[in-house]
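Trainee: I have a structure I would like to understand better, so I am pasting it below and will then ask my questions one at a time.
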Amino acid sequence: MSAQPLAESMVQSVDWLAIAPPTITAVVALAVLVADLFLPEPRKAVLGWISVAGLAAAALMLLPLLDGDRSTLCLAGRAGACSYTADRFTLVIQFLVLGGALLAALLSVTNLDDDRRRVPPGEFWFLLLSSAAGAALLPASRDLATLVVALEVASLPAFALVGIRHGDKRSSEAALKFFLSSVTATAVSLLGISFVYGATGTLYLTQVAERLPHVDGQLHVLTQTGVVLTLIGFAFKTAAVPFHFWVPDTYVGAPLPVAAYLSVVGKAVGFSGLILVTVIAFPSYADVWGPALAVLAALTMTVGNVGALRQQATRAYSAVRLLAWSSVGQAGYLLVPIAAAGYAKDPQRAIGSTVAYALMYAAVNLGAFAVAALVGRGRALNRITDYRGLYTANPLTALLLAFFLLCLAGLPPGVIGLFAKVTVFSSAVDAGLGWLAVVMAVNVVIALFYYLQWTALLFRAPEGETARHRVPAPLTAALALTGVLGVALSGAPQLVLRFAATGLF
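If you read the sequence shown in our numbering, its first letter stands for residue 514, the second for the next number, and so on.
Spelled out as structure tokens, the structure:
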């Protein structure tokens, strides 16, 4: 008789509507894998459009969830003991993840047509959708076990996507470097989680937050160590220095749509996980993670921008390398509000600044990668010098790339980029991190040089004969979507900047 209440407390309810976005993505991934077995080779192109439709359907399932917070997979009779919560934060990050995956899928349709002999389509789409399902699950995770599982479901297919091109030595080396460094970071993070679990006796984030301040004094050092080690795995996913070394080689070795996917969706995974463990699970240890993240932010933006500044325009793949180093620098800006949350009286507003910046960055960075994918179809080495005179060959594409680069630099007419940087800067100042705000200001000036240098090159007179770029329909759709989104956000920046003012939790 005494065992029955315990058994009842382990029964978990399932809200299928709440878990619909990642579930639909996972089901479509399995459907694509099975369909690949039966479709003849000439018809396998349809798998790409099924994947695009599946991601669009998963994103549309976010709409019924806007009416209020929903929690599921909860332990009966235990308040706050839920593994999955679809709140405002979850929905915004899931929109970013599924939207980013959808745009990467549109880029991939063209890329697979061009590279069909070396990239198996069925496996590619299954891996992309599986990774997107894990990425959509992570922001909704509210216990450490689900958080780690979601992180690995998002990451493991990404390793295979990087090295999926048959016979490409550079791609294989990039995948191996990405895999080994990521596995090491995950192992360290799991060790930290085990320390936290040993000290608190629970994996649920809200319960961890309640019990951490009351941990026995003898376990204080163990708990501090656990908190730091837990953060390492997520810091790796955000490409924070010194966990950034895999980024340039991985972006260059991967198919370009995969690099675009990692630059946006991979970062969303890392930052959402970092926000959940710091703000929800470890608020009582803000004196540990706040200074640590502030130092990481300063190092990351500086190393990233200096690395981008040092790229030689004539070097092979210099355009992709510049975008890779730029993404490291942008990760530093994204870390600033999370670090500020450790000092701020209202951490939710600080976190809102990170999310607002991430939405801006996702739209314009995917747009820049879309233009890089277009140029790369005619110039396989994708050097920065290959973009010289792009305005003469394709005026609209050149104007779009110039707009995306100016948004990343924070200059008009990229108004959303400017406002997003101001909100991040303000979060540091409001939290009393004046020194970090100064470091950020210096790095913004450094970044202006290489962004403007690339922008100016687009409008210079071309050397030799101009290369005309035919734009396939999927690539046109990706460019149009990112362009419209970037212009709309610059015209109405309050669409995303309101998160910086109101918070998300």
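Beta carbons are placed, not taken as given, at the ideal position from N, Cα and C, and that holds for glycine. All values derive from a computational prediction rather than experimental measurement.
Would you call P768 buried or exposed, if buried means 16 or more other Cβ atoms sit within 10 Å of its Cβ?
Mentor: Within the sequence shown, residue 768 is the residue found at index 255, counting from 1. If you draw a 10 Å sphere on the C-beta of P768, you find 16 or more other C-beta atoms in it, and that means buried.
Trainee: Output the distance between the C-alpha atoms of V955 and W638, rounded to the nearest integer angstrom.
Mentor: The residue labelled residue 955 in the question sits at position 442 within the sequence shown. The residue labelled residue 638 in the question sits at position 125 within the sequence shown. Cα to Cα, V955 sits roughly 41 Å from W638.
Trainee: Have a look at V958 and G711 and give me their C-alpha separation to the nearest angstrom.
Mentor: The count along the sequence shown starts at 1 and reaches residue 958 at position 445. The count along the sequence shown starts at 1 and reaches residue 711 at position 198. One C-alpha to the other measures close to 46 Å.
Trainee: With a 10 Å radius around its C-beta and 16 neighbouring C-beta atoms as the bar for buried, classify E521 as buried or exposed.
Mentor: Translated into positions along the sequence shown, residue 521 becomes position 8. With a pLDDT of 43 at E521, under the threshold of 50, the modelled position of this residue cannot be trusted; read the value that follows with caution. Residue environment analysis places E521 among the exposed positions, since fewer than 16 neighbouring C-beta atoms fall within 10 angstroms of its C-beta.
Trainee: What does the alpha-carbon distance come out to for the pair D707 and T697?
Mentor: Here residue 707 refers to the residue found at position 194 of the sequence shown. Here residue 697 refers to the residue found at position 184 of the sequence shown. Reading the sequence as shown, one finds Ser at residue 707 and not Asp. Cα to Cα, the separation comes out at about 16 Å.
Trainee: Between which two residues does the alpha helix (DSSP H) harbouring T713 extend?
Mentor: For the purposes of this step, residue 713 is taken as the residue at position 200 of the sequence shown. For T713, the enclosing alpha helix (DSSP H) starts and ends at 682-713.
Trainee: What does the Cβ neighbour count give for Q843, buried or exposed, with the cut at 16 atoms within 10 Å?
Mentor: Counted from its first residue, the sequence shown places residue 843 at position 330. Classification of Q843: buried, given that the 10 Å Cβ count is 16 or more.
Trainee: Measuring straight from C-alpha to C-alpha, what distance separates V782 and L664?
Mentor: As a first step, residue 782 is located in the sequence shown; it is residue number 269 there, counting from the start. As a first step, residue 664 is located in the sequence shown; it is residue number 151 there, counting from the start. Each residue's Cα considered, the two are about 7 Å apart.
Trainee: In this structure, does DSSP put D580 in helix, strand or coil?
Mentor: Here residue 580 refers to the residue found at position 67 of the sequence shown. If DSSP states are grouped into helix, strand and coil, D580 belongs with the helices.
Trainee: Which runs of the alpha helix (DSSP H) fall wholly inside the segment 718-788 and span at least 4 residues, in chain order?
Mentor: 718-724, 733-750, 760-766, 769-774, 780-788
Trainee: Can you tell me the Cα-Cα spacing of A687 and P553, whole angstroms?
Mentor: Numbered from its first residue, the sequence shown carries residue 687 at position 174. Numbered from its first residue, the sequence shown carries residue 553 at position 40. Distance between the alpha carbons of A687 and P553: 31 Å.
Trainee: Within 8 Å, do at least three Cβ pairs link the segment 669-688 to the segment 713-729?
Mentor: no
Trainee: With a cut-off of 8 Å, do at least 3 Cβ pairs link the segment 640-654 to the segment 742-756?
Mentor: As far as the Cβ criterion goes, the segment 640-654 does not touch the segment 742-756, which means the pair count is below three.
Trainee: Do you know how far the Cα of K780 is from the Cα of A618?
Mentor: One-based indexing of the sequence shown puts residue 618 at position 105. One-based indexing of the sequence shown puts residue 780 at position 267. When rounded, the distance between both Cα atoms is 17 Å.
Trainee: Which same chain residues, not among the five before or five after F932, have their C-beta less than 7 Å away from its C-beta?
Mentor: For the purposes of this step, residue 932 is identified with residue 419 of the sequence shown, where counting begins at 1. These residues qualify, in order along the chain: P1006, L1010.
Trainee: Residues in the same chain with beta-carbon distance under 7 Å from Y856, minus the five sequence neighbours each way, listed in chain order, please.
Mentor: As a first step, residue 856 is located in the sequence shown; it is residue number 343 there, counting from the start. Excluding positions up to five away in sequence, the list reads G803, A944, G945, L946.
Trainee: Tell me which residues share the same chain as I537 and place their Cβ nearer than 8 Å to its Cβ, disregarding the 5 neighbours each side in the sequence.
Mentor: Here residue 537 refers to the residue found at position 24 of the sequence shown. Counting only Cβ-Cβ distances below 8 Å, and skipping sequence neighbours, we find G567, A570, A571, M574.
Trainee: Tell whether a beta-carbon distance below 8 Å holds between A673 and L625.
Mentor: Numbered from its first residue, the sequence shown carries residue 673 at position 160. Numbered from its first residue, the sequence shown carries residue 625 at position 112. No. Outside cutoff.
Trainee: What is the DSSP secondary structure of L1002, counted as helix, strand or coil?
Mentor: Stepping through the sequence shown from its first residue, residue 1002 is reached at position 489. Correct three-state label for L1002: helix.
Trainee: Check A599 in the structure and name its three-state DSSP category.
Mentor: As a position in the sequence shown, residue 599 is number 86, starting the count at 1. Three-state DSSP puts A599 in a strand.
Trainee: Per DSSP, C587 forms a beta bridge with which residues?
Mentor: As a first step, residue 587 must be located in the sequence shown, where it is residue number 74. DSSP, once it has assigned bridges, lists C595 as partnering C587.
Trainee: Do L1002 and T968 have their C-beta atoms within less than 8 Å of each other?
Mentor: As a working note, residue 1002 is residue 489 in the sequence shown. As a working note, residue 968 is residue 455 in the sequence shown. No, these two residues do not count as a Cβ contact at 8 Å.
Trainee: Mind pulling the alpha helix (DSSP H) runs of 4 or more residues that sit fully within the segment 924-1002?
Mentor: Here the runs fully enclosed are 928-943, 947-971.
Trainee: According to DSSP, S654 sits in a beta bridge with which residue or residues?
Mentor: The residue you call residue 654 lines up with position 141 of the sequence shown. Note: S654 sits in a beta bridge opposite Y597.
Trainee: Shortest alpha-carbon distance to L546 belongs to which of S702, L560, A837, L669?
Mentor: On the sequence shown, position 33 is the one that residue 546 refers to. With distances taken between Cα atoms, L546 lies closest to L560.
Trainee: Pick helix, strand or coil for N624, following the three-state DSSP scheme.
Mentor: The residue you call residue 624 lines up with position 111 of the sequence shown. Helix, per DSSP.
Trainee: Evaluate contact between the segment 824-844 and the segment 760-779, counting only Cβ atoms and requiring at least three cross-stretch pairs below 8 Å.
Mentor: yes
Trainee: For the candidate residues T827, L543, A993, Q966, whose alpha-carbon lies nearest to that of R896?
Mentor: Against the sequence shown, residue 896 aligns to sequence position 383. Measuring from the Cα of R896, the nearest candidate turns out to be T827.
Trainee: Label P534 either buried or exposed according to how many other C-beta atoms from any shown protein chain fall within 10 Å of its C-beta, with 16 as the threshold for buried.
Mentor: Indexing the sequence shown from 1 puts residue 534 at position 21. Classification for P534: buried.
Trainee: Have a look at L512 and K690 and give me their C-alpha separation to the nearest angstrom.
Mentor: With the chain running from 514 to 1018 in the structure shown, residue 512 is simply not present.
Trainee: Would you mind stating whether L988 and L887 have Cβ atoms separated by less than 8 Å?
Mentor: On the sequence shown, residue 988 is found 475 positions in, with the first residue counted as 1. On the sequence shown, residue 887 is found 374 positions in, with the first residue counted as 1. Yes; because the gap between Cβ atoms is below 8 Å, this pair is in contact.
Trainee: Give the secondary structure of N907 by DSSP, where H, G and I count as helix, E and B as strand, and everything else as coil.
Mentor: The count along the sequence shown starts at 1 and reaches residue 907 at position 394. If DSSP states are grouped into helix, strand and coil, N907 belongs with coil.
Trainee: Using 8 Å as the threshold, is the C-beta distance between I606 and S785 below it?
Mentor: Counting from one through the sequence shown, the residue named residue 606 turns up at place 93. Counting from one through the sequence shown, the residue named residue 785 turns up at place 272. In this structure, S785 lies closer than 8 Å to I606 by Cβ.
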